[in-house]
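For the protein sequence lines, the chains are G and V, in the order given.
Counting in my numbering, the first sequence runs without a single skipped number right up to 263 at its last residue.
Counting in my numbering, the second sequence runs without a single skipped number right up to 263 at its last residue.
Where is the CB? At the ideal position from N, CA and C, for every residue including glycine.
There are 2 protein chains.
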Amino acid sequence: MLSNPVYGSLKSNIDRLGHCLCLGLDPDIDKIPSYYEKSISGLDMFLIDVIEASKDQVIAYKPNISFFEAYGIEGLHLLEKCRARTPSHVPFILDAKRGDIGNTAVKQATYLFDYFGADAITVNPYMGHDNVSPFLDYKDKLIFVLALTSNPGSNDFETLKLESGKRLFEEVIEKTNTWSKNNVGFVVGATQTDLVQARSLTSFPFLIPGVGHQGGRYVDAIKGSDANGVSIINASRALLYSWDSPKNLDQTINRLISTIIS
Amino acid sequence: MLSNPVYGSLKSNIDRLGHCLCLGLDPDIDKIPSYYEKSISGLDMFLIDVIEASKDQVIAYKPNISFFEAYGIEGLHLLEKCRARTPSHVPFILDAKRGDIGNTAVKQATYLFDYFGADAITVNPYMGHDNVSPFLDYKDKLIFVLALTSNPGSNDFETLKLESGKRLFEEVIEKTNTWSKNNVGFVVGATQTDLVQARSLTSFPFLIPGVGHQGGRYVDAIKGSDANGVSIINASRALLYSWDSPKNLDQTINRLISTIIS
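What follows is the structure in C-alpha cells.
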C-alpha cells in the first residue's frame, strides 16, 4: 500500500467501479471508426467522444505519447487537449518509456509531469538509478518501471538469467523496490506467465498492458492480485476500435468493458 | 565498415577534419552565455550562432530531444529549426533513447526519422528485438543502441553478470550485432574502462558520450578505435557553454576543439 495521492485515486476508482480496467489512448487515423474524418481534426473529435463516454467507467487513462508524436507537433497539441479533458479523479498515466542520465532525466520529468501534467509515467530502467531518480523526486506522482513487458522481445534481455540465479526483470523489481519514495510501480505484461511470480517480489502496483489484441486475458492478469496492491489492467485497441458510431457510446463502452472483464 | 550513407558522411567528415568530435546540442536557458536573452528566442539566437560557427568543424550534431522537450511545444519548434539549419553533410543524430513494442516503435520511427528528419537516433534495447526492429527497417539511417552508458547507474543493470559468464551490455552488443541491416552502432560512455572490451565485440560504430563535464577524456575514448570502424565522440557542455560572446565564435570553437582532442 503506497501513501500516494495517485495510488489513492486508482484504489478509489477500482472500489467504485468494481474492475481494474484502464483505457489506453493510442490514437491512429487509420484505425478510427469510419464515422470520423480521417484527419487530425477527425482524430480530435474521436478522442473527445471517447473521453466523454468513458470518463466514469475506467479507472485511468494511459495515453502512449508515441501515437501522438507520430503526428508531430499537431499530435502533441492533441495530447494537451486529452489531458485538459480528463477529470482530475481519473489518473492520466503518460506511457512515455523515458530514462536518461541524471541531468537529462530531470528535463524529461519537466516535460511529462510539469508540461503535460501527467499523474503517472512509465520509465525504462536499463540505465540504472540516476536514470530513474529524478522522476522519483516527484513524490506525488507514480512511476511505473518496465519490468517484464508484453512483447515477444521480452525474451531477449528481460528474462536472461543472471549469475545470481535471478532473472533480469526480477533484479529490476527487487532493486527498484528499494529506490521507491512511495511512488513506484511496475509494468508487467498480461501475456506473461511469470506475472504471478513478479507479484511475489513486491507489493507495489502493477500496470499490466497486453489485454485484448496482444493476446492477454483480463481474468489471467487479475490472478494473484495482492489484496493490498493495485492492478491497472490496460486495454487499448479492444476498447478504442471495436465500435463504429458514437451514438450511445457510453453504453457501448460499458458493454465492451463487461466482455473484457468477464 | 557499414555500407550506409550516414556512416559514409561520418567517415568522410572524420577524414576531412582529422578528429571524431560531435557537438551535443543540449539547450538550457539557465546555461546560455550572458550575451543572450534568457528566453526561448534567446535560446534560438544562441543555437543559430552555435550551428553557424561549428558546422564546418564537427563531424555531427547530437541534439538530445529531452532538452528541447523541457520547453514543451515551443522547444520542439526549436528542434525543427536546428534540423533545418544543419547542412546535409553533417549527420543529425537525434538522441531520443526510444523503444517500445513493435506497433508503437513504428510510430516512434515516424516521429524521429520522418517528422524530424533525423539521420541517426539512439534506442534503448531493454524490451528486445521487436522494440528495435522497426527502426532497423530504415536502412539508410543509423541506429545507436544503448550498451554501456556513461552514468553511475550503468553499474545497476548494464554490467550485471549473466549465467553465461557475459555481462548484460556484452550480450546486448552481441545479440544486436546479428539484427543489423547495415545500420547499427552502439552507445558506450567515454567514462567506461570497458570501452576497449566493448570494441572487441563488434566492428560497428560507437557513439561515445561523457567527454568533458562527465569526466571522460577524448584521448581515452579514441583508444582502441578500430581502423575500419568509426567513433563519434560527443562533447556537449564543454563546447556549448565554455564561451561568453558570439564574436569570432568559429575561432573560439576551433580552440575548444583543439583543447578537447589534445
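### Message
Spatial neighbours of residue 98 (chain G) within its chain, please: C-beta separation below 6 Å, excluding the five flanking residues on both sides.
### Response
123, 125
### Task
Could I get the ranges of all uninterrupted alpha helix (DSSP H) runs contained in the segment 70 to 105 of chain V, with 4 residues as the minimum, in chain order?
73 to 86
#### Entry: Cβ separation of residue 11 (chain G) and residue 183 (chain G), assumed to be a contact under 8 Å, to the nearest whole Å
The Cβ separation is near 14 Å, so there is no contact.
### Message
Against chain G, with Cβ distances strictly below 8 Å, would residue 128 (chain V) count as a contact?
### Response
yes
### Query
Candidates G:67, G:223, G:117, G:253: which alpha carbon is nearest residue 200 (chain G)'s?
G:223
### Message
Tell me which residues share the same chain as residue 148 (chain G) and place their Cβ nearer than 7 Å to its Cβ, disregarding the 5 neighbours each side in the sequence.
### Response
170, 173, 174, 187, 188, 189, 199
### Message
Against chain G, with Cβ distances strictly below 8 Å, would residue 34 (chain V) count as a contact?
### Response
no
### Query
Hey, how far is the Cα of residue 219 (chain G) from the Cα of residue 195 (chain G)?
15 Å
#### Entry: Assumed close pair residue 112 (chain V), residue 237 (chain G) - CB separation to whole angstroms, cut-off 8 Å
With a Cβ gap of about 18 Å, residue 112 (chain V) and residue 237 (chain G) do not count as contacting.
### Query
On the three-pair Cβ rule with 8 Å, is the segment 17 to 29 of chain V touching the segment 68 to 81 of chain V?
yes
### Query
Using 8 Å as the threshold, is the segment 75 to 86 of chain G in touch with the segment 40 to 50 of chain G, meaning 3 or more CB pairs across them?
yes
#### Entry: Local conformation of residue 249 (chain G) per DSSP, three classes
coil
### Task
Would you mind working out which of G:154, G:181, G:84 sits nearest residue 115 (chain G), comparing C-alpha positions?
G:84
#### Entry: Expected contact under 8 Å - CB spacing of residue 101 (chain G) and residue 109 (chain G) to nearest Å
6 Å
### Message
Strictly below 9 Å CB to CB, what residues from chain G border residue 70 (chain V)?
### Response
108, 109, 111, 112, 113, 116
### Task
Spell out whether any CB of chain G is found under 8 Å from the CB atom of residue 182 (chain V).
no
### Query
Under the three-state reduction of DSSP, which class applies to residue 119 (chain G): helix, strand or coil?
coil
### Query
How is the beta strand (DSSP E) around residue 112 (chain G) delimited, first residue to last?
Unbroken run through residue 112 (chain G): none, as it is neither H nor E.
### Query
For the putative contact between residue 103 (chain V) and residue 138 (chain V), defined by C-beta atoms under 8 Å, what is the C-beta separation to the nearest angstrom?
Wrong, their Cβ atoms sit about 11 Å apart, outside the cutoff.
### Query
Which residues does DSSP pair with residue 64 (chain G) in a beta bridge?
G:26
### Query
With 16 other CB atoms within 10 Å as the buried threshold, where does residue 64 (chain G) fall?
buried
### Query
Taking only beta-carbon atoms, is residue 176 (chain G) less than 8 Å away from chain V?
yes
### Message
Within 8 Å of any Cβ in chain V, is that where the Cβ of residue 122 (chain G) sits?
### Response
no
### Message
Does chain V have any CB closer than 8 Å to the CB of residue 243 (chain G)?
### Response
no
### Task
Compare the C-alpha of residue 246 (chain G) against each of G:40, G:50, G:18, G:24 and name the closest.
G:50
### Message
Measuring straight from C-alpha to C-alpha, what distance separates residue 54 (chain G) and residue 88 (chain G)?
### Response
12 Å
#### Entry: 7 Å Cβ cut-off: residues of chain V touching residue 153 (chain G)
131
### 8 Å Cβ cutoff met for residue 14 (chain G) and residue 91 (chain G)
yes
### Query
What residues in the segment 73 to 87 of chain G bring their beta carbon closer than 9 Å to a beta carbon of chain V?
73, 74, 76, 77, 78, 81
### Message
Using the Cβ count rule (16 or more neighbours within 10 Å means buried), how would you classify residue 142 (chain V)?
### Response
buried
### Query
What does residue 65 (chain V) reach in chain G if we use C-beta pairs closer than 9 Å?
101, 105, 108
### Task
Counting only the same chain and skipping the five closest in sequence on each side, list residues whose C-beta sits under 6 Å from that of residue 242 (chain V).
32
### Task
Pick helix, strand or coil for residue 237 (chain G), following the three-state DSSP scheme.
coil
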